[in-house]
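One structure is given here, and the rest of the page talks about it.
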Amino acid sequence: MGSQDKSRYFHKTLLGEVREGLEKGDFPASRTAEEITDSILRHSRGTIYDWCLHEGSYDVIEQGIQDVTNLLSACGLKLR
97 MGSQDKSRYF HKTLLGEVRE GLEKGDFPAS RTAEEITDSI LRHSRGTIYD WCLHEGSYDV
157 IEQGIQDVTN LLSACGLKLR
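So this is what it looks like as structure tokens:
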């Protein structure tokens, strides 16, 4: 099972949350739930990779939250 396996728990859970957000109007309907989920996962992997390159020199959780918040804002998420 690879890290991009769409049957993995994290992918399925995130996809469900994104679908719910689309149904509630939190995301613009111009992107599918799958596209938004893939973008979030790609950014998350990038953050973890960068943290490894920097030998853990920063708080990966704080940076991850900031990165995903910026991504969601750029995707048009209505942040509360």
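Residue numbers (my numbering): 97 to 176.
All C-beta atoms, glycine included, are put in the ideal place defined by N, C-alpha and C.
Alpha carbon of residue i to alpha carbon of residue j, nearest angstrom
i	j	result
G172	D146	25 Å
R115	P124	11 Å
S153	Q159	11 Å
S126	R138	19 Å
L118	T128	8 Å
T143	V156	7 Å
Q162	L149	18 Å
Y177	S169	Because the chain here runs from 97 to 176, residue 177 falls outside it and cannot be looked at.
E151	R141	15 Å
D122	S103	25 Å
Residues near residue i by beta carbon distance below 8 Å, same chain, minus five either side
i	result
D101	H107
Cβ-based neighbour list, residue i, same chain, cut-off 6 Å, excluding 5 preceding and 5 following
i	result
L167	H139
Check whether the stretch 111–118 and the stretch 129–141 are in contact - that is, three or more C-beta pairs closer than 8 Å. yes
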